[in-house]
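Number of protein chains: 2
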Amino acid sequence: MIDCYNRIYIMERDMARVVSIRHLILGLLIQQSMSGYDIKRSLKSLSWLIDSPSYGSIYSALRALREDGLVTIQETPCQDKSPRKVYTIEDAGRQALREWVGQPAAPDISLKTFVMHLILAGSFSHTGLIAHLQQRRSQVAAHHTTLKQIAETVDGTTDSGQRLTFDYGLTLATAELAWLDRMLEQSSQQPLPVEVVQGDGVALAA
Amino acid sequence: MIDCYNRIYIMERDMARVVSIRHLILGLLIQQSMSGYDIKRSLKSLSWLIDSPSYGSIYSALRALREDGLVTIQETPCQDKSPRKVYTIEDAGRQALREWVGQPAAPDISLKTFVMHLILAGSFSHTGLIAHLQQRRSQVAAHHTTLKQIAETVDGTTDSGQRLTFDYGLTLATAELAWLDRMLEQSSQQPLPVEVVQGDGVALAA
DNA sequence: CGTATCATGTAACTAGTTACATGATTCA
DNA sequence: TGAATCATGTAACTAGTTACATGATACG
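Protein sequences, first through last, are from chains E and X. Following our numbering, the numbering of the first sequence begins with 96 at its first residue and continues without gaps. Following our numbering, the numbering of the second sequence begins with 96 at its first residue and continues without gaps.
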């Protein structure tokens, strides 16, 4: 894992907590059992914020999760309708999610990744979630600062692409910082009621 | 392209204007010639908003663009330093970008895709850009409405993931709508000074 | 002189998309 | 009765990532 110059490569993404749609599905199923179609729809409601995954990836992720024994299927017939295939998370799935949550977070995550983490917020411990919000805060704050500088120098240029992009970024960064501060303040006064993922009756803190 | 039920499939992504890193690079190079490293860095400044592409994808996109004759390389030696490879867009590249810009836009784009379009704003015609902003506005507005409804029903639940996600989404949607309205208003009063991509002296409107 | 960062790539892999395929249910 | 949407998948592909590889330059 170290090159001839003894510099450390890797470990950036490799070991870091990266959300795949597998984790996302696990996170949704921990809240409640649902079908592949339901999963698609529930992610669709955030489609303007994140590129929501296609059926192809959802169903194949579901198959993989089933093969690994992390979820199970129940064919639930509703009256005389054709039965829906409802997926339920198993203890192994909860365990896997807990392990994943315990991994170190990547320092530099995108908005999409942050949203995906947010969806999984219920799977984090209170402190884990706070840490995550704080990390995002410092990241956005840093970009806010540089963006502000760039926006000023770029203000007079004819390049509308650059101007619009930086202005847009600045607007969102400002709004996001305010939100993060509000959340962080709220959580210091009264803990956000997060439920820690439970395996077999034992709550684990991250 | 039509199935046995005569329903139209496809055309959703297929024909729609989808930004790949190839277009993004072309859009950056139309503003000014730069090296692969420069491209990486200029996209890195938006890394909190979008997952910025890796060197691997940038350099291979650059190779593909070169093979297609859309860009050329100049090895520019700076003094006695080892020369940097600066990529410059060719007329064929401008033409390709113009064609891409002329395609219909996908109705349902994510924030990431929107940012990528914004970076390419200079390659759109004035009306094209306005249309794009309006489309995004109506999309975000729709999601804002549904999000607001969901947020209310979800407000009392213990599920912090859902609450946080929807609250976050709502905050960003509000900020984005305000920004879009401001831009749209500005552009109706005095046109945003966008430059239409020019091929051989003839400006094309979308 | 050693570390950081500038700078450019490639090979192997994998995650996810697109298009294909099918059929049931709902509703105007 | 036809269209929309509910619902579940698969095969082929492709875009993009990770890890590998190398070397120059800047700076303290």
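For each residue, glycine too, the CB sits at the ideal point set by N, CA and C.
With a contact defined as Cβ atoms closer than 8 Å, I145 of chain E and M211 of chain E qualify at about 7 Å. Secondary-structure assignment with DSSP links K180 of chain E through a beta bridge to E:E170. For S282 of chain X, there are no C-beta contacts with chain E under 8 Å, since the nearest C-beta of that chain is about 10 Å from it. Using a Cβ-Cβ cut-off of 7 Å, S142 of chain E counts as an interface residue toward chain X, since at least one Cβ of chain X sits closer than that to its own.
Per DSSP, the beta bridge partners of M129 of chain X are X:Y182. In this structure, the beta-carbon distance from S218 of chain E to L192 of chain E falls below 7 Å. Between the alpha carbons of T171 of chain E and D203 of chain E lies a distance of about 42 Å. In summary, the residues of the region 261–274 of chain X whose CB is separated from some CB of chain E by less than 7 Å are Y263, G264, T266, L267, A270, E271 and W274, in the order they occur in the chain. Neighbourhood of L215 of chain E in chain X, by CB distance below 9 Å: G256, in chain order.
For I145 of chain E, a Cβ of chain X is located within less than 7 Å of the residue's own Cβ.
Interface residue (Cβ-Cβ distance to chain E less than 7 Å): D203 of chain X is classified as such. About 6 Å separates the beta carbon of S142 of chain E from that of S205 of chain X, a gap short enough to meet the 8 Å contact definition. Taking a contact to require three or more Cβ pairs closer than 8 Å, the region 274–284 of chain E and the region 241–249 of chain E do not qualify as touching. Residue state for A159 of chain X is assigned as helix, using DSSP reduced to three classes. Interface with chain X (7 Å Cβ-Cβ cutoff): V235 of chain E is included.
Chain-ordered, the chain X residues with CB closer than 9 Å to the CB of H238 of chain E read S140, L141, S142, W143 and L144.
The CB of I245 of chain X comes closer than 9 Å to the CB of S140 in chain E, given here in chain order. Boundaries of the alpha helix (DSSP H) harbouring I245 of chain X: H221 to V249, taken from the DSSP string.
Pairing A236 of chain X with G256 of chain E gives a Cβ-Cβ distance that is not under 7 Å. In this chain, the alpha helix (DSSP H) harbouring G264 of chain E covers S255 to Q284.
Under the three-state reduction of DSSP, A187 of chain X is assigned to helix. Closer than 8 Å at the C-beta level to chain X, one finds these residues of the region 121–139 of chain E: G122 and Q126.
Under the 8 Å Cβ criterion, the region 220–232 of chain X does not count as touching the region 270–281 of chain E, having fewer than three qualifying pairs. Closest in C-alpha terms to L165 of chain X, from the list X:P148, X:T260 and X:T183, comes X:T183.
What T183 of chain X touches in chain E, judged by beta-carbon distance under 9 Å, is nothing: the nearest beta carbon there is about 17 Å away.
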